Amino acid sequence: MADKRDYYEVLGLKKGAAEEEIKKAFRKKAMEFHPDKNPGDKAAEDKFKEVNEAYGILSDKEKKDLYDRFGHAGVDPNAGFGGGGFSGFGGGFGGGAGGADFSDLFGDLFGGMFGGGGGAQRRRNGPKKGRDLQHGLRITFKEAAFGTKKKIKLKRQSDCPACNGTGAKDGTAKHTCETCHGTGQVQTQQRTAFGTFTNVGACPTCRGKGEIIDTPCTECSGTGKIIREFTLSVDIPAGVDSDSVITLRGQGEPGTNGGPAGDLYIVLQVEPHEVFTRDGNDLYLDMPITFEQAALGTKLIVPTLTEKVSYKVPAGTQPDAVFRLKGKGIKALRRSAFGSEYGDLYVKMVLEVPTKLSGDQKKAIKKMAEELGSDAYPQKNKFSKCMEKMF
Ligand SMILES: [Zn+2]
Ligand SMILES: [Zn+2]
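Position in the sequence shown (first residue = 1) + 3 = my numbering.
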């Protein structure tokens, strides 16, 4: 993957360019390198494919996010994500080159030209990859930290069992469409400002299938597909976070005409924890502490995700002081070259001041304050001096 160019660079953009800029840049580059404008030019064809692939990723919000965060590794279907033998992660992009949806960009102008090379001869009823599906999944904070196995139920299009996905009622035949002679396509010529283009559209007689079913299957009304509920088991590795994507290859919708099935993207949503918050692999904890504990020092019992640990707080600890418990954070999904395998736990001392005091208690506090005098508070003294200077 090292020799792969940056997708933004391919489109002549700066990193993180906005949707509109990406669209505009793609139009420009696609026009420039289009095979019909550069006949027989292999370099232009490669460029065109590269531009095409870049747009396929950057025009898809989810894939763009993954690319922005992880680079090519985040969107490359071949690059496993998560060094430790875990290869399912990372939101692979199955479409590769040709994944971009050109129809909304070019309308009829370029319609049908993107079949590769001379496009026009390409059969529209050839193998086609099934649609990718997306499924949201909520997991608990702990499940995200330690990994888990989840069963999910989802509705998915599948081949109709009654007709084996053919769409023809058992025992009945199909015949080749006479309009398109089985190609599923009809051609028309179109003159435009850019020259004459051959437009290829789906055959209206067979709706692009190339064949006509004489007696449609009653179960699926001749479509060959039905919606069924599936139960799938999903392995969730330790260290995932909200918006992490787990890719289950081939678990999307079935392909047509022998094409491969699409992929299923599981997008995770992690529930918040009662006391811990998380940033990357580090955990944060607000630990309540009393005045006398802070002033005199104490042994605090601090929770981690797995156990209680004892932590010695020194005398004279200030409010909001943060102590770090190394390695008590979350296991990293990917171990970085220089980082540790686990994040850290940051414990913030949150001073709790008593609110209901008796007369005697108030007296005792006042007495202590008098004995302490102003020397006990260097920060406060410094601040007072600043105030005097200001006004
Ligand atoms: Zn059927
Ligand atoms: Zn036809």
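All C-beta atoms in this analysis are idealised placements derived from N, C-alpha and C, irrespective of residue type, glycine included.
Quantities reported herein were computed from a predicted structural model and do not represent experimental measurements.
Query: Proximity test, A176 beta-carbon vs ligand 1 heavy atom, cut-off 7 Å; Result: no
Query: Distance between R337 and G87 (C-alpha atoms, nearest Å); Result: Model confidence at G87 stands at a pLDDT of 31, short of 50, so the residue's coordinates are unreliable; what they give is reported in the following sentence. In a straight line, the C-alpha of G87 is about 7 Å away from that of R337.
Query: 8 Å Cβ shell around V237 - same chain, five flanking residues per side excluded; Result: L140, K152, K153, K154, I155, I249, L251, I269
Query: Of the listed residues D39, K45, R30, nearest to A57 (C-alpha basis); Result: R30
Query: Contact belief for T320 with A297 at Cβ below 8 Å, rounded distance in angstroms; Result: 5 Å
Query: K243 versus I333, K359, S161, residue with shortest Cα-Cα distance; Result: Looking at the sequence provided, one finds Val at residue 243 rather than Lys. Comparing Cα positions, the closest option is I333.
Query: Euclidean distance between Cα positions of A147 and N284; Result: 11 Å
Query: Euclidean distance between Cα positions of H138 and K383; Result: 55 Å
Query: Counterpart residues of V316 in DSSP-defined beta bridges; Result: T301
Query: Length of the line joining the Cα atoms of T226 and G170; Result: 5 Å
Query: Cα-Cα separation between I229 and P164, rounded to whole angstroms; Result: 9 Å
Query: Exposure of C389, with buried meaning 16 or more beta-carbon neighbours within 10 Å; Result: exposed
Query: Uninterrupted alpha helix (DSSP H) stretches inside the region 313-378 (no shorter than 4 residues); Result: 362-375
Query: Candidates D217, K385, T307, I60, of which the one nearest D9 by Cα; Result: I60
Query: C-beta contact flag for D135 and G262 at 8 Å; Result: no
Query: Residues that DSSP places opposite E214 in a beta bridge; Result: T179
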